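Report on one structure; see the data block that follows.
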Amino acid sequence: MAVTLERPQVFLLCLSFQSFLDQQYASLIDGISQSAQLKRAKSAAGAIRYLDTNTPKAIVVTDEGLTKPGNTDLLTRIRSYLQNGGVVIFGLHFPSFVTDTFDSFFEESFGVTWKRGNYQRGTFQVNDLYTLPRGVVASSLPSAYSMKALHVRGAKPQEKLFVPVPGSKTQSMVFAPADVDQSQAPTVGARIGNGFLAYVGDVNGEEESDAVILALCGL
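Take 5 as the starting number for the sequence shown in my numbering and just add one per residue.
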C-alpha cells in the first residue's frame with residue numbers, strides 16, 4: 005500500500021492583518037498552498053498555541069505587528085524556533101507598514117544589524133556572496149529583476165541575497181534617475197543558530213519576489 009506523506013506546513017503570522025492581503029498576494033498564497041499546508045494566526049496568543057504543538061517548515065511574517073509592544077513571549081518562541089532550525093521570512097505587507105522601529109527591531113530581536121534603508125525601485129541580481137537556508141540552492145532564485153522595495157542598510161556582505169546590478173539607476177515616473185546605493189539591499193538573510201532569518205523588501209508582490217519567498221520556504 006502506498007504511503008501518503010503529509011505536506012509540510014507554512015505558517016503566516018498576521019498580527020496586523022489587512023483585509024486586502026490575500027487578494028494582493030493571491031499568487032504567492034496559491035503557490036504556497038500547492039506545496040504545503042497553509043496555517044495562519046492573527047493574534048500572538050493564537051501563534052503561541054500553534055507553535056507549542058507544531059513545527060512549520062517556515063514562518064512568514066506578513067506585517068509589522070510583531071514589532072509592536074506586547075509580543076515578548078511570541079518573539080521568544082520565534083527565536084527558539086529559529087535557533088532550532090526554523091526559517092522566518094519578513095515580507096509582504098511588512099516593508100510597507102513597518103515604522104521607524106525597524107531600526108532597532110532586528111538587532112534587538114535577532115542580533116542582526118539591519119536598519120531601514122531607501123525606498124525606491126531598481127534592478128537587482130543574486131549576490132555571489134549569498135548565504136541561503138540549508139537545502140536551498142541559488143538556482144531556485146530568479147535572475148535579475150526590477151522591484152520597488154524598502155531596502156536594508158547595515159547588512160553584512162554575505163547577508164545581501166539580492167544586490168543592485170552594476171550601474172543600476174533608480175526607476176521613477178516622477179524623479180530623474182539616480183545611482184542606486186550599492187551598499188544597501190532589498191532582500192537579506194542570515195543564519196541564526198541552526199535556522200535562517202530573511203527579509204524581502206519588495207512592496208508590490210512581484211512574481212520574482214514570490215519565487216524568492218517560495219524558495220526560502222524550501223518549496
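All C-beta atoms, glycine included, are put in the ideal place defined by N, C-alpha and C.
Note that the structure is predicted; figures quoted are calculated from it, not measured.
Item, Value
"Would you kindly work out how many angstroms separate the C-alpha atoms of Cys-227 and Ile-63, rounded to a whole number?", "In the structure displayed, the chain extends from 5 to 223; residue 227 sits before or after that span and is not available."
"Measuring alpha carbon to alpha carbon, tell me which of Leu-218, Gly-197, Phe-106 ends up nearest Gln-87.", "Gly-197"
"At the level of alpha carbons, what is the spacing between Ile-212 and Pro-73?", "Checking the sequence, you will find Glu at residue 212 rather than Ile. Cα to Cα, the separation comes out at about 33 Å."
"Quick test of your reading: Gly-50 and Ser-20, contact by CB under 8 Å. State the CB separation rounded to the nearest angstrom.", "Their Cβ separation, rounded to whole angstroms, is 14 Å, which puts Gly-50 and Ser-20 out of contact at 8 Å."
"Could you please give the first and the last residue of the uninterrupted beta strand (DSSP E) stretch that includes Tyr-123?", "119 to 130"
"Using 7 Å as the threshold, is the C-beta distance between Gly-199 and Gly-89 below it?", "yes"
"Buried or exposed: which applies to Asn-58, given that a residue is buried once 16 or more other Cβ atoms fall within 10 Å of its Cβ?", "exposed"
"Between the C-alpha atoms of Met-5 and Leu-32, what's the straight-line distance to the nearest angstrom?", "Annotation note: pLDDT 49 at Met-5 (below 50); position unreliable, coordinate value reported separately. Approximately 34 Å, taken between the alpha carbons."
"Excluding sequence positions up to five away, which residues of its chain have a Cβ less than 6 Å from the Cβ of Gln-129?", "Ala-148, Val-169"
"Could you check what DSSP says for Arg-195 in three-state terms: helix, strand or coil?", "strand"
"Residues in its own chain within less than 6 Å of Pro-12 by CB, not counting five upstream and five downstream?", "Ala-40, Lys-61"
"Quick one: measure Cβ to Cβ for Ala-153 and Val-207, integer angstroms, because I've assumed they're closer than 8 Å.", "6 Å"
"Going straight from the alpha carbon of Arg-53 to that of Phe-106, what length do you get?", "26 Å"
"On a Cα-Cα basis, can you pick out the residue from Ile-93, Thr-135, Thr-117, Thr-191 that is closest to Tyr-123?", "Thr-191"
"Report the rounded CA-to-CA distance for Ala-215 versus Thr-80, giving the unit in angstroms.", "29 Å"
"Comparing alpha-carbon positions, which option in Val-140, Leu-136, Val-116, Arg-138 lies nearest Lys-160?", "Val-116"
"Exposed or buried, which one is Leu-201 when buried takes at least 16 other CB atoms within 10 Å?", "buried"
"So Gly-4 and Val-156 are in contact, right, with Cβ under 8 Å, and what is the actual spacing, rounded?", "With the chain covering 5 to 223 only, the question about residue 4 has no answer from this structure."
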